[in-house]
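Protein sequences appear in the order of chains Y and S. Count the first sequence with the numbering used here and you get residues 9 to 124, in order. Count the second sequence with the numbering used here and you get residues 1138 to 1250, in order. Where a beta carbon is used, it is the ideal one built from N, C-alpha and C, also for glycine.
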Amino acid sequence: DSGVTQTPKHLITATGQRVTLRCSPRSGDLSVYWYQQSLDQGLQFLIQYYNGEERAKGNILERFSAQQFPDLHSELNLSSLELGDSALYFCASSSTLPGPRANVLTFGAGSRLTVL
Amino acid sequence: DQQVKQNSPSLSVQEGRISILNCDYTNSMFDYFLWYKKYPAEGPTFLISISSIKDKNEDGRFTVFLNKSAKHLSLHIVPSQPGDSAVYFCAASDTGANSKLTFGKGITLSVRP
Chain Y
9 DSGVTQTPKH LITATGQRVT LRCSPRSGDL SVYWYQQSLD QGLQFLIQYY
59 NGEERAKGNI LERFSAQQFP DLHSELNLSS LELGDSALYF CASSSTLPGP
109 RANVLTFGAG SRLTVL
Chain S
1138 DQQVKQNSPS LSVQEGRISI LNCDYTNSMF DYFLWYKKYP AEGPTFLISI
1188 SSIKDKNEDG RFTVFLNKSA KHLSLHIVPS QPGDSAVYFC AASDTGANSK
1238 LTFGKGITLS VRP
């Protein structure tokens, strides 16, 4: 158990629908990151939050949005879903405090989204 | 534009031999590099890292080498074990900008008993 919890593990939905993926970071970690892994692709960075504020944005579609709440959990909202959105969505967290693991991201097990 | 490249999609080695996984990067601002291992149905797990101020970092059977002039790093696993069979991702970050990681596409390592 990495300490990063993602729910749901699996989700099957139809095109045009909207889903929410949830992530609880490791205790004490202030930064949360979302990554997408499509078939035969590496992990594509979507967005980062630090203590509730958006810190960095990657190749995130306008149909996607995210937020980090005061208790530091994060949600990734995917709307108007298309077949191509089927992928594994990973959440990761990091402490960003000085130390040997300052730049190490700890990943959750992922949420597998299937759009039919 | 792929800033971190793992050009070999797969590698197969015999148990007990050395596994060498390669990674190239293009962004000269990257100053921290990591290797992650991923088993099916699990998230990536951190394996080893190296800062750009070093050219080698060792942790047990795993050693990462960094050649900044060539913008190349490699992961050596000696001796390789069947349990090392997994997908290995190379990642890099520009720690002066933010802490996000840019990943390669991964290499599938198979260690034959």
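Identify every residue that forms a DSSP beta bridge with residue i.
| i | result |
| --- | --- |
| Asp1138(S) | BP columns for Asp1138(S) are empty, so no partner. |
| Val112(Y) | Its beta-bridge partners do not exist; DSSP assigns none. |
| Val1215(S) | Val1215(S) is not bridged to any residue. |
For my contact list, residue i and residue j are in at a C-beta cut-off of 8 angstroms; report their separation, rounded to the angstrom.
| i | j | result |
| --- | --- | --- |
| Tyr1173(S) | Val1141(S) | Tyr1173(S) to Val1141(S), Cβ: 12 angstroms. No contact. |
Give the straight-line distance between the Cα atoms of residue i and residue j, rounded to the nearest whole angstrom.
| i | j | result |
| --- | --- | --- |
| Ser1189(S) | Cys1160(S) | 14 angstroms |
| Ile1214(S) | Ile1157(S) | 7 angstroms |
| Tyr57(Y) | Phe1240(S) | 18 angstroms |
| Arg82(Y) | Cys99(Y) | According to the sequence as given, residue 82(Y) is Ser; it is not Arg. Rounded to whole angstroms, Ser82(Y) to Cys99(Y) spans 9 angstroms at the Cα level. |
| Gly24(Y) | Leu89(Y) | 5 angstroms |
| Gly92(Y) | Ser10(Y) | 29 angstroms |
| Leu1171(S) | Ile20(Y) | 33 angstroms |
| Asp37(Y) | Ser102(Y) | 5 angstroms |
| Gln49(Y) | Ile1187(S) | 24 angstroms |
Sorted by chain position, which residues of the same chain lie with C-beta nearer than 6 angstroms to residue i's C-beta, five sequence neighbours on each side aside?
| i | result |
| --- | --- |
| Asn67(Y) | Gln52 |
| Thr15(Y) | Arg30 |
| Asn1164(S) | Gln1140 |
| His1209(S) | Asp1161 |
Within a Cβ cutoff of 7 angstroms, which residues of the same chain sit near residue i, ignoring the five residues on either side of it in sequence?
| i | result |
| --- | --- |
| Ser1222(S) | Leu1246, Ser1247, Val1248 |
| Ser1145(S) | Asn1159, Ile1244 |
| Phe1167(S) | Ala1229, Ser1230, Asp1231 |
Under 8 angstroms Cβ to Cβ from residue i, same chain only, skipping five residues before and after it: list those, please.
| i | result |
| --- | --- |
| Ser1236(S) | Ser1230 |
| Lys1205(S) | Ser1189, Asp1192 |
- Message: Tell me which residues of the region 1176–1192 of chain S have at least one Cβ-Cβ distance to chain Y shorter than 8 angstroms, keeping chain order.
- Response: Listed by position, the residues of the region 1176–1192 of chain S near chain Y (Cβ gap below 8 angstroms) are Ala1178, Glu1179, Gly1180, Pro1181, Thr1182, Phe1183, Ser1186.
- Quick one, which residues of the region 1234–1248 of chain S are near chain Y if we go by CB-CB under 9 angstroms, in chain order? Ala1234, Asn1235, Ser1236, Lys1237, Leu1238, Thr1239, Phe1240, Gly1241, Lys1242, Gly1243
- Task: Mind checking the region 80–98 of chain Y against chain S and listing, in chain order, the residues whose C-beta falls within less than 7 angstroms of any C-beta there?
- Result: Phe98
- Task: Quick one: which residues of the region 1141–1173 of chain S get their C-beta closer than 9 angstroms to a C-beta of chain Y? List them in chain order.
- Result: Val1141, Gln1143, Pro1146, Tyr1169, Leu1171, Tyr1173
- Query: Given a limit of 9 angstroms on CB to CB distance, which residues of the region 56–74 of chain Y reach chain S?
  - Reply: Gln56, Tyr58, Arg63, Ala64, Gly66
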